[in-house]
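Notes for the one structure printed next.
Residue numbers (my numbering): 634 to 969.
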């Protein structure tokens, strides 16, 4: 089973988005199909937060043709064209956030409007391939996985508007308010960003692959995992030792998300190595320390920083060109 997994990371989703633009071009060149899309090369796509939004876009069908609605470039354009509006903060809201008083840092109105524009009234069940999009239920205190395959297995209690799925997976604590969404059967779920437990959803995706087909072995999996850039920010003991609750909030989110992503990568490397199929797992992650002009802040969506993130994504694709070509051929079953 061929799996694509996309990490969370806010506006840094531009980085994997640009890598997949290059990868889609590789798929088209190798297959000889100029209309080929990312989704055509995978059997399951998983995403968390910004990766969850991208997952929705890649798997989104065009109602008339039944083909993918968005190219890889059109998907990343959501960020490039609208990122500064999504992460736009009023002066009063900024003051509130700094004081640690009430509410999230950003209003979700712009994001929700864009998701409605891009995804319309499509349902989770409409997705072109199985998905695994993460969120967390703060009422039931359990992980929430949005999977189009669950609708067929369990019914409309597991079917949601796709725009609500995208909003739920990206409801990052402190950045956006939690969201309360309902399934078609009107079951209500208060949810936050899946990055609180699975910022790198690749391992979850592998387990879902076994759920979809219990006869699979590790050697039957081909996993392409994309990060949003390893954060370049460090915290010294002297500054952290006196932090209180408010001071710890943002660093904690940053550390937690990075730690989860790195741990999952380590686990999958060991898993595929032990199974003797290390070439079937590809993880691309950029070290943002090598890009001093890029801000690692998940919400730094100025035009200049988005341009630098775009350059960083292009650089990662270029330096990984041979790996991308080899992996694309493996996914398509094409020999050298």
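By construction, the Cβ of each residue, glycine as well, lies at the ideal position given by its N, Cα and C atoms.
Quantities reported herein were computed from a predicted structural model and do not represent experimental measurements.
ask   = Are the stretch 693-713 and the stretch 664-682 touching by the rule of at least three beta carbon pairs closer than 8 angstroms?
value = yes
query = Who are the Cβ neighbours of residue 634 in its own chain at under 8 angstroms, not counting the five residues just before and after it?
reply = 676, 677, 842, 845, 846, 849, 853, 854 and 855
Minimum C-alpha distance to residue 921 - residue among 941, 762 and 915 = 941
task = Please list, in chain order, all residues of the same chain as residue 897 whose beta carbon is under 6 angstroms from its beta carbon, the five residues on each side excluded.
result = 833, 835 and 836
ask   = Cα-Cα, which of 747, 681, 963 and 818 is closest to residue 788?
value = 818
request  = List the endpoints of the continuous alpha helix (DSSP H) containing residue 795.
outcome  = 795-802
query = Looking at the structure shown, is residue 849 part of a helix, part of a strand, or coil, going by DSSP?
reply = coil
Residue 796 vs residue 755 beta-carbon contact at 9 angstroms = yes
task = Using three-state DSSP, classify residue 861 as helix, strand or coil.
result = coil
request  = Might you give, ordered along the chain, the residues of its own chain that have their beta carbon closer than 6 angstroms to the beta carbon of residue 862, omitting 5 neighbours on each side?
outcome  = 645, 648, 919 and 921
ask   = Does the stretch 655-664 come close enough to the stretch 949-957 to have 3 or more Cβ pairs within less than 8 angstroms?
value = yes
ask   = Using a Cβ-Cβ cut-off of 6 angstroms (strictly less than) and excluding sequence neighbours within five positions of residue 641, which residues of its own chain qualify?
value = 681, 682, 683, 684, 828 and 832
inquiry  = Measuring straight from C-alpha to C-alpha, what distance separates residue 882 and residue 782?
reply    = 36 angstroms
key: Helix, strand or coil at residue 817 [DSSP, three-state]   = coil
ask   = Pick from 801, 784 and 931: whose alpha carbon is nearest that of residue 712?
value = 931
ask   = By Cβ distance, which residues of its chain are closer than 7 angstroms to residue 708, with the 5 residues on each side in sequence left out?
value = 650, 687, 690 and 691
inquiry  = Suppose the cutoff is 8 angstroms on Cβ atoms and the five residues either side in sequence are ignored; what does the same chain contact list for residue 951 look like?
reply    = 655
inquiry  = Going by DSSP, what residue range makes up the beta strand (DSSP E) through residue 708?
reply    = Taken as a continuous stretch (DSSP letters only), residue 708 belongs to no beta strand (DSSP E), being part of the alpha helix (DSSP H) at 705-719.
key: Closest Cα partner of residue 925 within the set 778, 945, 860 and 762   = 945
Alpha-carbon spacing of residue 804 relative to residue 917, whole angstroms = 25 angstroms
inquiry  = Rounding to the nearest angstrom, what Cα-Cα distance links residue 859 and residue 760 in this structure?
reply    = 21 angstroms
query = Within 10 angstroms of its Cβ, does residue 967 collect 16 or more other Cβ (buried), or is it exposed?
reply = exposed
ask   = Buried or exposed: residue 902, going by 16 or more other Cβ atoms within 10 Å of its Cβ?
value = exposed
ask   = Which same chain residues, not among the five before or five after residue 938, have their C-beta less than 6 angstroms away from its C-beta?
value = 928
task = Can you check the stretch 636-703 for any alpha helix (DSSP H) of at least 4 residues that lies completely inside it and give the ranges in chain order?
result = 647-664 and 683-692
request  = Please name the residue in 786, 822, 790 and 784 whose C-alpha comes closest to that of residue 802.
outcome  = 822
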